[in-house]
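Novice: After the C-alpha coordinates below, expect a handful of questions from me.
Residue numbers (the UniProt record's numbering): 1 to 171.
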(Lines of atoms letter the chains of each structure in order from A and count residues from 1; the text may use other names and numbers.)
(Lines give C-alpha, C1' and ligand atoms only; values in the text may rest on other atoms or scores of the structure.)
Protein backbone atom coordinates (compact mmCIF):
# COMPACT_ATOMS: atom_id res chain seq x y z
CA UNK A 1 0.00 0.00 0.00
CA UNK A 2 1.08 3.56 -0.63
CA UNK A 3 1.52 5.33 2.71
CA UNK A 4 2.29 9.01 3.23
CA UNK A 5 4.38 9.76 6.32
CA UNK A 6 4.27 13.52 6.91
CA UNK A 7 6.23 15.13 9.74
CA UNK A 8 6.79 18.53 11.34
CA UNK A 9 10.18 18.69 13.02
CA UNK A 10 11.98 21.66 14.53
CA UNK A 11 15.38 20.17 15.38
CA UNK A 12 15.32 16.92 13.35
CA UNK A 13 14.30 14.38 16.00
CA UNK A 14 10.75 13.94 14.70
CA UNK A 15 12.04 13.82 11.11
CA UNK A 16 14.32 10.94 12.09
CA UNK A 17 11.40 9.08 13.68
CA UNK A 18 9.45 9.57 10.44
CA UNK A 19 12.39 8.12 8.51
CA UNK A 20 12.46 5.02 10.74
CA UNK A 21 8.69 4.57 10.37
CA UNK A 22 9.01 4.83 6.57
CA UNK A 23 11.91 2.35 6.55
CA UNK A 24 9.94 -0.16 8.60
CA UNK A 25 6.87 0.22 6.37
CA UNK A 26 9.14 -0.47 3.38
CA UNK A 27 10.58 -3.54 5.10
CA UNK A 28 7.02 -4.79 5.61
CA UNK A 29 6.21 -4.48 1.89
CA UNK A 30 4.51 -1.09 1.77
CA UNK A 31 5.41 1.98 -0.29
CA UNK A 32 5.90 4.96 2.02
CA UNK A 33 6.65 8.51 0.95
CA UNK A 34 8.14 10.84 3.54
CA UNK A 35 6.98 14.47 3.52
CA UNK A 36 8.03 17.54 5.50
CA UNK A 37 4.85 19.39 6.49
CA UNK A 38 6.70 22.71 6.33
CA UNK A 39 7.19 22.35 2.57
CA UNK A 40 4.69 19.69 1.45
CA UNK A 41 1.24 20.31 0.09
CA UNK A 42 -1.75 18.24 1.14
CA UNK A 43 -2.04 17.44 -2.58
CA UNK A 44 1.19 15.44 -2.21
CA UNK A 45 -0.80 12.93 -0.14
CA UNK A 46 -3.62 12.43 -2.66
CA UNK A 47 -2.24 9.18 -4.12
CA UNK A 48 -1.65 7.57 -0.73
CA UNK A 49 -3.90 4.86 0.62
CA UNK A 50 -3.00 5.56 4.26
CA UNK A 51 -1.49 8.48 6.18
CA UNK A 52 0.81 8.82 9.19
CA UNK A 53 1.20 12.35 10.61
CA UNK A 54 3.80 13.24 13.23
CA UNK A 55 4.82 16.41 15.01
CA UNK A 56 7.24 17.64 17.59
CA UNK A 57 5.39 18.90 20.66
CA UNK A 58 6.05 22.12 22.52
CA UNK A 59 4.11 23.04 25.65
CA UNK A 60 1.63 20.24 24.97
CA UNK A 61 0.79 21.34 21.42
CA UNK A 62 1.72 20.21 17.95
CA UNK A 63 3.80 22.59 15.86
CA UNK A 64 1.70 25.14 13.98
CA UNK A 65 2.69 23.72 10.57
CA UNK A 66 1.43 20.29 11.65
CA UNK A 67 -1.84 21.61 13.08
CA UNK A 68 -2.57 23.59 9.91
CA UNK A 69 -1.60 20.61 7.74
CA UNK A 70 -3.99 18.30 9.64
CA UNK A 71 -6.80 20.84 9.38
CA UNK A 72 -6.24 21.34 5.64
CA UNK A 73 -6.11 17.58 5.16
CA UNK A 74 -9.54 17.09 6.75
CA UNK A 75 -11.44 17.55 3.48
CA UNK A 76 -9.15 15.13 1.63
CA UNK A 77 -8.87 12.15 4.01
CA UNK A 78 -11.77 10.40 2.27
CA UNK A 79 -11.96 7.39 4.56
CA UNK A 80 -8.26 6.55 4.39
CA UNK A 81 -6.76 5.22 7.62
CA UNK A 82 -4.77 7.81 9.58
CA UNK A 83 -2.35 7.47 12.50
CA UNK A 84 -0.78 10.28 14.53
CA UNK A 85 2.42 10.43 16.55
CA UNK A 86 3.96 13.09 18.74
CA UNK A 87 7.55 13.53 19.83
CA UNK A 88 8.31 15.43 22.98
CA UNK A 89 9.01 14.13 26.46
CA UNK A 90 12.72 13.90 27.28
CA UNK A 91 14.96 12.96 30.20
CA UNK A 92 15.18 10.12 32.69
CA UNK A 93 12.53 9.91 33.94
CA UNK A 94 10.72 11.48 31.00
CA UNK A 95 9.87 15.13 31.63
CA UNK A 96 7.44 16.61 31.87
CA UNK A 97 6.11 13.39 33.38
CA UNK A 98 2.51 14.54 33.39
CA UNK A 99 2.67 16.00 29.90
CA UNK A 100 -0.72 16.19 28.33
CA UNK A 101 -0.46 16.38 24.58
CA UNK A 102 -3.51 17.98 23.05
CA UNK A 103 -4.27 16.35 19.71
CA UNK A 104 -8.07 16.41 19.97
CA UNK A 105 -8.39 18.75 16.98
CA UNK A 106 -5.98 16.74 14.86
CA UNK A 107 -7.94 13.56 15.63
CA UNK A 108 -11.20 15.33 14.78
CA UNK A 109 -9.79 16.73 11.52
CA UNK A 110 -8.29 13.45 10.31
CA UNK A 111 -10.35 10.73 11.98
CA UNK A 112 -7.09 9.18 13.19
CA UNK A 113 -7.49 5.77 14.78
CA UNK A 114 -4.46 6.08 17.06
CA UNK A 115 -2.10 8.62 18.61
CA UNK A 116 1.32 7.47 19.82
CA UNK A 117 3.75 9.51 21.94
CA UNK A 118 7.48 8.93 21.53
CA UNK A 119 10.28 10.34 23.65
CA UNK A 120 12.51 12.89 21.96
CA UNK A 121 16.11 14.05 21.82
CA UNK A 122 17.80 17.05 23.46
CA UNK A 123 20.93 18.78 22.22
CA UNK A 124 21.18 22.08 24.10
CA UNK A 125 23.75 23.42 21.64
CA UNK A 126 21.03 23.58 18.97
CA UNK A 127 18.36 25.22 21.13
CA UNK A 128 17.29 28.84 21.17
CA UNK A 129 17.50 30.80 24.41
CA UNK A 130 13.85 30.24 25.40
CA UNK A 131 14.05 26.53 24.65
CA UNK A 132 17.29 26.24 26.58
CA UNK A 133 15.66 27.96 29.58
CA UNK A 134 12.82 25.42 29.63
CA UNK A 135 15.24 22.49 29.39
CA UNK A 136 17.36 23.92 32.21
CA UNK A 137 14.26 24.50 34.38
CA UNK A 138 13.24 20.86 33.88
CA UNK A 139 16.84 19.77 34.59
CA UNK A 140 16.97 17.67 31.45
CA UNK A 141 20.36 16.48 30.27
CA UNK A 142 21.45 16.27 26.66
CA UNK A 143 20.61 12.88 25.25
CA UNK A 144 18.64 10.78 22.83
CA UNK A 145 15.68 9.35 24.73
CA UNK A 146 13.98 7.80 21.72
CA UNK A 147 13.23 4.08 21.88
CA UNK A 148 13.87 2.87 18.35
CA UNK A 149 12.44 -0.60 19.04
CA UNK A 150 9.20 1.07 20.14
CA UNK A 151 9.11 3.20 16.98
CA UNK A 152 9.74 0.20 14.71
CA UNK A 153 7.17 -1.87 16.62
CA UNK A 154 4.53 0.81 16.16
CA UNK A 155 5.33 1.04 12.45
CA UNK A 156 5.05 -2.76 12.18
CA UNK A 157 1.61 -2.65 13.82
CA UNK A 158 0.51 -0.10 11.21
CA UNK A 159 1.92 -2.29 8.43
CA UNK A 160 0.11 -5.35 9.79
CA UNK A 161 -3.18 -3.47 9.95
CA UNK A 162 -2.73 -2.21 6.38
CA UNK A 163 -1.86 -5.69 5.12
CA UNK A 164 -4.92 -7.17 6.84
CA UNK A 165 -7.13 -4.44 5.38
CA UNK A 166 -5.72 -5.00 1.88
CA UNK A 167 -6.31 -8.75 2.13
CA UNK A 168 -9.89 -8.19 3.28
CA UNK A 169 -10.57 -5.85 0.36
CA UNK A 170 -9.13 -8.25 -2.23
CA UNK A 171 -11.03 -11.31 -0.94
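We put the CB at the ideal spot given by N, CA and C, even for glycine.
Is the region 71–78 touching the region 150–159, taking contact as three or more C-beta pairs under 8 Å?
Specialist: The region 71–78 vs the region 150–159: no contact.
Novice: Does residue 56 come out as helix, strand or coil in the three-state DSSP assignment?
Specialist: In this structure, residue 56 counts as strand in the three-state DSSP scheme.
Novice: Check residue 33 in the structure and name its three-state DSSP category.
Specialist: DSSP places residue 33 in strand when its eight states are reduced to three.
Novice: Span of the alpha helix (DSSP H) holding residue 13?
Specialist: Looking at the DSSP string, the run of the alpha helix (DSSP H) that includes residue 13 is 13–27.
Novice: Pull the bridge partners of residue 8 from the DSSP assignment, please.
Specialist: In DSSP, residue 8 forms a bridge with 55.
Novice: Which residues in the same chain have their Cβ closer than 6 Å to the Cβ of residue 116, if we skip the five residues on either side of it in sequence?
Specialist: Result list for residue 116: 85 and 154, in chain order.
Novice: Can you tell which of 164, 50 and 166 has the C-alpha that lies nearest to the C-alpha of residue 112?
Specialist: Closest by alpha carbon: 50.
Novice: Fully enclosed by the region 98–135, which alpha helix (DSSP H) runs are 4 residues long or longer?
Specialist: Correct list: 104–110.
Novice: Can you tell me which of 59, 92 and 46 puts its alpha carbon nearest to the alpha carbon of residue 72?
Specialist: Closest option to residue 72, Cα to Cα, is 46.
Novice: Any chance the region 99–110 sits against the region 56–69, with 3 or more Cβ pairs inside 8 Å?
Specialist: Cβ pair count under 8 Å is three or more, so yes.
Novice: Quick check: residue 90 and residue 120, are their CB atoms within less than 8 Å of each other?
Specialist: It is a contact, given that the beta carbons lie within the stated cut-off.
Novice: Alpha carbon to alpha carbon, how far is residue 124 from residue 133? Give it in angstroms, no decimals.
Specialist: Distance between the alpha carbons of residue 133 and residue 124 is about 10 Å.
Novice: Report the partner residues of residue 41 according to the DSSP bridge assignment.
Specialist: For residue 41, which the question treats as bridged, DSSP gives no partner whatsoever.
Novice: Quick check on residue 41: buried or exposed, where buried means 16 or more other Cβ atoms within 10 Å of its Cβ?
Specialist: With fewer than 16 other Cβ atoms within 10 Å, it is exposed.
Novice: Does residue 84 come out as helix, strand or coil in the three-state DSSP assignment?
Specialist: Of the three classes helix, strand and coil, the one that applies to residue 84 here is strand, per DSSP.
Novice: How would you label residue 81, buried or exposed, when you count the other beta carbons within 10 angstroms and need 16 or more for buried?
Specialist: Buried, since its Cβ has 16 or more Cβ neighbours within 10 Å.
Novice: Check residue 143 in the structure and name its three-state DSSP category.
Specialist: In this structure, residue 143 counts as strand in the three-state DSSP scheme.
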